[in-house]
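Protein chains in written order, with this note's numbering: chain A, 14 to 304; chain B, 14 to 304; chain C, 14 to 304; chain D, 14 to 304.
Protein chains: 4
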Amino acid sequence: MGEPLKMTFLALIVFNLTGMAMIKEIPKEKTGILLVSFGTSYSNAQGALDHVEDQVRKAFPDIEIRWAFTSDMIRNKLKKQNRYIDSPAEAMAKMGSEGFTRIAVQSLHIIPGEEYESLQKTVNAFNHIPKNAQTIRLGKPLLYRNEDIAAVCDVLEKIIPDERAGGDAIVFMGHGTPHPSNIYYPGVQYYLWEKSALYFLATVEGYPGLNEIFPKLEEQEVKTVWLVPFMSVAGDHAQNDMAGDEPESWKSQLEAAGYLVKPVLKGLAGYDEIVGIWVNHLKEVLYEPEN
Amino acid sequence: MGEPLKMTFLALIVFNLTGMAMIKEIPKEKTGILLVSFGTSYSNAQGALDHVEDQVRKAFPDIEIRWAFTSDMIRNKLKKQNRYIDSPAEAMAKMGSEGFTRIAVQSLHIIPGEEYESLQKTVNAFNHIPKNAQTIRLGKPLLYRNEDIAAVCDVLEKIIPDERAGGDAIVFMGHGTPHPSNIYYPGVQYYLWEKSALYFLATVEGYPGLNEIFPKLEEQEVKTVWLVPFMSVAGDHAQNDMAGDEPESWKSQLEAAGYLVKPVLKGLAGYDEIVGIWVNHLKEVLYEPEN
Amino acid sequence: MGEPLKMTFLALIVFNLTGMAMIKEIPKEKTGILLVSFGTSYSNAQGALDHVEDQVRKAFPDIEIRWAFTSDMIRNKLKKQNRYIDSPAEAMAKMGSEGFTRIAVQSLHIIPGEEYESLQKTVNAFNHIPKNAQTIRLGKPLLYRNEDIAAVCDVLEKIIPDERAGGDAIVFMGHGTPHPSNIYYPGVQYYLWEKSALYFLATVEGYPGLNEIFPKLEEQEVKTVWLVPFMSVAGDHAQNDMAGDEPESWKSQLEAAGYLVKPVLKGLAGYDEIVGIWVNHLKEVLYEPEN
Amino acid sequence: MGEPLKMTFLALIVFNLTGMAMIKEIPKEKTGILLVSFGTSYSNAQGALDHVEDQVRKAFPDIEIRWAFTSDMIRNKLKKQNRYIDSPAEAMAKMGSEGFTRIAVQSLHIIPGEEYESLQKTVNAFNHIPKNAQTIRLGKPLLYRNEDIAAVCDVLEKIIPDERAGGDAIVFMGHGTPHPSNIYYPGVQYYLWEKSALYFLATVEGYPGLNEIFPKLEEQEVKTVWLVPFMSVAGDHAQNDMAGDEPESWKSQLEAAGYLVKPVLKGLAGYDEIVGIWVNHLKEVLYEPEN
Chain A
14 MGEPLKMTFL ALIVFNLTGM AMIKEIPKEK TGILLVSFGT SYSNAQGALD
64 HVEDQVRKAF PDIEIRWAFT SDMIRNKLKK QNRYIDSPAE AMAKMGSEGF
114 TRIAVQSLHI IPGEEYESLQ KTVNAFNHIP KNAQTIRLGK PLLYRNEDIA
164 AVCDVLEKII PDERAGGDAI VFMGHGTPHP SNIYYPGVQY YLWEKSALYF
214 LATVEGYPGL NEIFPKLEEQ EVKTVWLVPF MSVAGDHAQN DMAGDEPESW
264 KSQLEAAGYL VKPVLKGLAG YDEIVGIWVN HLKEVLYEPE N
Chain B
14 MGEPLKMTFL ALIVFNLTGM AMIKEIPKEK TGILLVSFGT SYSNAQGALD
64 HVEDQVRKAF PDIEIRWAFT SDMIRNKLKK QNRYIDSPAE AMAKMGSEGF
114 TRIAVQSLHI IPGEEYESLQ KTVNAFNHIP KNAQTIRLGK PLLYRNEDIA
164 AVCDVLEKII PDERAGGDAI VFMGHGTPHP SNIYYPGVQY YLWEKSALYF
214 LATVEGYPGL NEIFPKLEEQ EVKTVWLVPF MSVAGDHAQN DMAGDEPESW
264 KSQLEAAGYL VKPVLKGLAG YDEIVGIWVN HLKEVLYEPE N
Chain C
14 MGEPLKMTFL ALIVFNLTGM AMIKEIPKEK TGILLVSFGT SYSNAQGALD
64 HVEDQVRKAF PDIEIRWAFT SDMIRNKLKK QNRYIDSPAE AMAKMGSEGF
114 TRIAVQSLHI IPGEEYESLQ KTVNAFNHIP KNAQTIRLGK PLLYRNEDIA
164 AVCDVLEKII PDERAGGDAI VFMGHGTPHP SNIYYPGVQY YLWEKSALYF
214 LATVEGYPGL NEIFPKLEEQ EVKTVWLVPF MSVAGDHAQN DMAGDEPESW
264 KSQLEAAGYL VKPVLKGLAG YDEIVGIWVN HLKEVLYEPE N
Chain D
14 MGEPLKMTFL ALIVFNLTGM AMIKEIPKEK TGILLVSFGT SYSNAQGALD
64 HVEDQVRKAF PDIEIRWAFT SDMIRNKLKK QNRYIDSPAE AMAKMGSEGF
114 TRIAVQSLHI IPGEEYESLQ KTVNAFNHIP KNAQTIRLGK PLLYRNEDIA
164 AVCDVLEKII PDERAGGDAI VFMGHGTPHP SNIYYPGVQY YLWEKSALYF
214 LATVEGYPGL NEIFPKLEEQ EVKTVWLVPF MSVAGDHAQN DMAGDEPESW
264 KSQLEAAGYL VKPVLKGLAG YDEIVGIWVN HLKEVLYEPE N
């Protein structure tokens with residue numbers, strides 16, 4: 014991850030109060046991208062992150078790309094496998110120390126929830142550290158304003174598998190959170206229903222849950238349900254809570270209720286169209302003036 | 014607004030470096046409530062704010078209550094009528110100067126939108142002013158987390174006029190905003206539909222608008238539509254955009270489409286049950302530890 | 014204090030999402046000066062502040078001038094005399110509310126001590142309040158960097174009364190503080206000694222005190238001591254601690270030790286040359302780019 | 014530098030909204046010390062820093078110690094020698110990532126100048142980063158309040174070489190700065206003169222310089238001058254600007270003026286008594302409540 018650092022210095026000669034010359038090095042403008050994910054320890058899911066990096070590199074071939082994972086637990090787990098991934102603070106501190114003057118941080122989060130807020134506070138804090146990159150800006154998560162949500166829902170429709178038959182329902186599995194940003198899940202459901210009464214969005218840990226979906230599937234006389242992760246990567250939640258064989262998994266619950274269930278084990282970060290939206294958010298922070 | 018200030022001082026005798034005694038006055042703990050509204054220049058709507066003040070006074074009879082309006086335009090308009098209402102910053106600065114040590118600020122906003130965010134930044138800033146109230150906390154707007162939204166929707170069902178017949182639709186008119194918090198409107202719609210397919214929520218300036226509601230009214234074979242403000246006060250938007258006689262008002266548009274329209278000209282702040290939710294948010298900031 | 018507010022609005026017509034026109038008022042650029050003093054309840058000392066205002070008005074005839082006092086105790090005392098002076102936070106909040114877009118705050122403090130730091134935090138906080146003046150900057154106190162101190166010491170020499178005879182000592186009375194900025198007092202003494210071994214600086218509440226001066230007066234074989242306030246105004250400290258008749262006043266102590274004592278009851282703010290330095294600091298924040 | 018990390022986790026079982034158990038690891042309280050120096054590339058001067066670490070370890074045998082250098086230039090120089098030293102931000106980010114919950118940062122600076130202020134801003138910023146050590150506090154530099162300065166001057170007297178004869182002058186060489194904190198140099202001179210008229214303090218880059226000392230040496234009829242670094246380490250400035258053989262070094266200038274010059278090539282960090290003051294500042298942030 015990341016090419017070797019190439020930085021040259023300009024020399025500036027400064028004369029101090031007593032007339033003695035001092036040499037100060039001035040780094041040239043140096044821009045970097047920091048991609049931030051919750052992180053994953055699934056090698057399968059790591060593939061989706063590699064896919065993001067490839068797309069970002071294609072869009073910004075001249076800008077060095079770094080990674081950070083926000084989850085302490087996942088970083089500790091990887092450390093035991095001798096894979097060292099930085100926290101966002103470590104990554105920004107290192108980049109500052111290596112002479113980056115401008116950093117575009119792109120969150121690979123879906124909603125502006127607790128993790129995104131925490132990253133935003135970290136970025137804000139780093140903008141107050143004197144000896145560091147002068148400008149650090151944070152790209153929006155996948156969902157933010159009305160226009161973003163509309164664009165994401167257009168893309169969601171495109172990633173539905175071709176094998177899906179007319180009356181099959183799609184149930185997107187979001188994470189859900191006690192944080193106020195959970196409102197994005199019932200909110201996005203509105204946008205999806207404007208497209209089809211057979212598209213549903215439920216969450217593992219928030220509202221609505223799978224329970225709210227059962228009566229709606231019945232009302233629509235659904236026979237077959239496609240389960241699609243509404244998460245960046247198809248990690249633990251997708252593998253187990255969604256598609257696992259345990260009786261409380263969504264697949265098991267839906268099968269027990271008589272549905273034919275077809276899980277899709279691919280996270281949103283695996284789709285070019287979705288990554289394209291994050292790339293657009295990166296373009297905003299790299300090329301557009303702030304507010 | 015507000016009883017006369019009663020504050021006594023404790024005298025503290027301090028000896029300075031040279032042994033000379035200085036007297037320092039220590040103010041006793043003094044708590045105040047600051048109610049913050051966007052503001053209104055409609056005397057009718059002012060009644061709803063007076064109603065809030067009455068309810069808050071009943072709940073906290075020993076705590077002095079102050080007001081601030083966030084809208085410059087409305088404060089300037091009132092100034093010309095010799096009514097001087099403080100901005101939130103003016104109110105907090107005065108309270109600090111008068112010796113309040115603890116201020117509970119309660120936003121009468123509906124969603125955590127741009128106005129609420131601006132108020133939050135103002136509160137945060139005042140918490141960094143050394144010579145002011147030591148603790149200033151901001152109560153949540155009407156809608157915040159999942160539980161709040163559920164509680165509000167329970168109350169919304171109770172404020173529906175008794176005269177409403179079985180098949181009549183209720184269309185709540187929210188404000189709407191280009192700010193990401195607009196997601197609350199489609200999001201709350203989900204909660205309302207869990208109660209009845211005849212409850213709708215649309216916005217004047219955001220998404221969804223009235224246009225999104227027409228096909229749904231048709232699908233539900235609605236004949237009569239009740240228009241209810243989903244705003245704190247029944248001010249300009251309710252009087253004109255919702256219930257006005259101009260051709261582009263919601264009433265006119267719905268009547269033109271053949272519906273019988275019954276507007277309710279009462280803002281949410283006029284209902285005891287709604288004010289009760291803001292009072293609960295005040296109790297949280299007054300009596301519960303932070304986080 | 015302050016001429017009547019003259020502000021005109023530009024009207025901006027904005028079209029919202031639904032095509033309805035809204036009118037937004039845009040205030041023109043409007044600059045104000047806020048002079049901040051610890052405050053005084055001595056009418057005599059108030060004269061020195063009026064002198065500052067006159068000088069500032071001469072330097073910036075087109076800019077409105079406001080005042081704030083930082084001392085709660087003095088503002089409370091004046092309130093009982095029906096004189097209402099704002100705290101710095103009140104003054105900035107009012108100016109923001111009245112449409113000032115740029116405020117130059119000038120501290121009339123001598124050193125960057127606790128009072129100045131508190132004012133700086135207040136100014137910083139106000140720069141984070143969204144609906145307020147866009148730019149608020151704080152002018153440096155009288156003493157700050159090496160160059161300022163040198164300039165002030167040049168002026169101090171000029172304000173020595175003409176009646177002073179050759180061998181008379183000058184003892185400047187500073188306030189002194191447990192805050193680290195107390196270092197300015199022994200520090201400035203260095204600059205004064207570079208001018209004359211007969212110039213002394215001591216403090217009421219810090220280090221050095223009068224005790225440290227006695228042996229030095231003796232060493233210089235001084236007969237007559239001029240006492241000069243090294244404070245903005247000749248208030249309580251100058252009247253009582255310096256020139257009072259109580260046995261512990263500096264005058265009494267020096268007389269008891271056999272010196273002829275000549276107190277000068279005029280604060281630094283009473284001298285044009287000193288005010289000129291604060292005016293220079295105002296020019297910096299009004300006309301020079303930040304940093 | 015630093016023993017291997019030993020940290021154990023407590024397991025906390027959390028039940029999420031859907032009843033599924035999650036395991037959260039809670040790190041035990043874990044305290045660390047971060048020593049921060051400008052840095053040096055002189056191996057000799059590095060010895061003084063090792064001496065500090067030894068003393069700090071003796072005082073706090075159970076607390077892990079880390080290092081950071083604030084100078085980019087020195088860290089870059091060392092990197093070319095394959096010595097990797099963290100910047101303060103890197104060190105704090107790593108410590109946060111490794112589970113430290115409380116960090117006591119001790120600046121090895123002499124005055125609260127630009128470098129200290131920059132470190133303070135970095136510490137403040139890190140206290141606003143959500144996923145990091147909960148409490149990071151910064152120990153005061155060597156000189157801060159009146160009491161600190163008095164204590165330091167007592168120690169300075171003790172470190173004067175025993176070989177110094179009665180009439181020999183001591184000239185301490187401080188760094189000096191255009192930052193307002195330069196006032197500490199003339200200020201500390203006051204304290205030193207209270208001890209002896211033969212103790213002088215001048216600076217390389219600030220005020221006073223060596224030029225201000227010449228007339229005073231003459232006045233005191235000095236023959237021999239001891240040059241003592243008033244800096245943490247005897248690095249570049251001490252070796253060259255103070256004791257070098259170049260004509261503009263202090264040694265050369267003083268010799269040219271006819272003095273016998275005896276330079277001491279040991280930084281303040283090399284003396285147990287001085288390190289004891291920094292250790293006291295560490296004790297304050299580790300054991301005393303904040304303000």
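Backbone N, C-alpha and C fix where the C-beta goes; we use that ideal spot for every residue, glycine too.
These numbers come from a predicted model, not from an experiment.
Looking at D:102, D:69, D:75, the one whose alpha-carbon comes closest to that of residue 85 of chain D is D:102. Annotation for residue 130 of chain C: no residue places its beta carbon closer than 7 angstroms to its own, counting only its chain and skipping 5 residues before and after. Per the DSSP secondary-structure output, residue 77 of chain C pairs in a beta bridge with C:45.
Taking each of A:67, A:82, A:207 in turn and checking the Cα distance to residue 226 of chain B, the smallest one comes out for A:207. Among the residues of chain D, those whose CB is under 7 angstroms from the CB of residue 199 of chain C are 200, 203, 204, following chain order. Residues of chain C whose Cβ lies closer than 8 angstroms to the Cβ of residue 195 of chain D are, in chain order, 158, 159. Within chain A, the C-beta atoms nearer than 8 angstroms to that of residue 125 of chain B come from 193, in chain order. Of the residues A:293, A:217, A:121, the one whose Cα lies closest to the Cα of residue 63 of chain A is A:121. Here residue 99 of chain D is buried, its C-beta having at least 16 other C-beta atoms within 10 Å.
For residue 297 of chain C, same chain residues with a beta-carbon under 8 angstroms away, outside a window of 5 residues either side, are 152, 153 in chain order.
With its beta carbon less than 7 angstroms from one in chain B, residue 135 of chain C belongs to the interface. Residue 267 of chain A sits away from residue 277 of chain A, with the two beta carbons spaced by 7 angstroms or more. For residue 142 of chain B, the chain C residues whose C-beta falls within less than 7 angstroms of its own C-beta are 102, 134, 135, 138, listed in chain order. Taking C-beta atoms as the reference points, residue 81 of chain B and residue 104 of chain B count as a pair closer than 7 angstroms.
Going by DSSP, residue 279 of chain D is part of no beta strand (DSSP E) at all; its letter is neither H nor E. Taking a contact to require three or more Cβ pairs closer than 8 angstroms, the region 190-197 of chain D and the region 241-248 of chain D do not qualify as touching. Contact check for residue 106 of chain D and residue 280 of chain D: beta-carbon distance about 29 angstroms, past the 8 angstroms limit, so the pair fails to qualify. Excluding its 5 nearest sequence neighbours in each direction, residue 157 of chain A has C-beta neighbours in its own chain below 7 angstroms: 125, listed in chain order. One thing to note: residue 87 of chain B has its Cβ within 7 angstroms of the Cβ of residue 54 of chain B.
Per DSSP, residue 182 of chain D is one residue of the beta strand (DSSP E) stretching across 182-187.
In this structure, DSSP gives residue 190 of chain B a state outside helix and strand, which the three-state scheme calls coil. Taking a beta-carbon distance threshold of 7 angstroms, residue 220 of chain D counts as an interface residue toward chain C.
Your pair residue 44 of chain B and residue 96 of chain B does not check out as a contact, with CB atoms roughly 26 angstroms apart and the cut at 8 angstroms. For residue 107 of chain D, the chain A residues whose C-beta falls within less than 7 angstroms of its own C-beta are 103, listed in chain order.
By the Cβ neighbour-count rule, residue 180 of chain C is exposed, with fewer than 16 other Cβ atoms within 10 Å of its own. Secondary structure note for residue 152 of chain B: its beta strand (DSSP E) is the uninterrupted segment 148-152. Residue 214 of chain D carries a strand assignment under DSSP once its states are collapsed to helix, strand and coil. Closer than 7 angstroms to the CB of residue 54 of chain D there is not a single CB belonging to chain A. Between residue 202 of chain A and residue 203 of chain B, the CB-CB gap stays under 7 angstroms. Flagged as an interface residue toward chain D: residue 131 of chain A, by a C-beta distance shorter than 7 angstroms.
For residue 112 of chain A, the closest C-alpha among the options A:89, A:128, A:148 is that of A:148. When the five nearest sequence neighbours on each side are left out, the beta carbons in the same chain lying within less than 7 angstroms of the beta carbon of residue 270 of chain A are those of 227, in order along the chain.
When Cβ pairs closer than 8 angstroms are counted between the two stretches, the region 168-188 of chain B is seen to touch the region 211-226 of chain B, the count reaching three or more. Spanning the alpha carbons of residue 287 of chain D and residue 197 of chain C requires a straight line of approximately 23 angstroms. Just measuring C-alpha positions, the residue of B:240, B:150, B:253 sitting nearest residue 172 of chain B is B:240.
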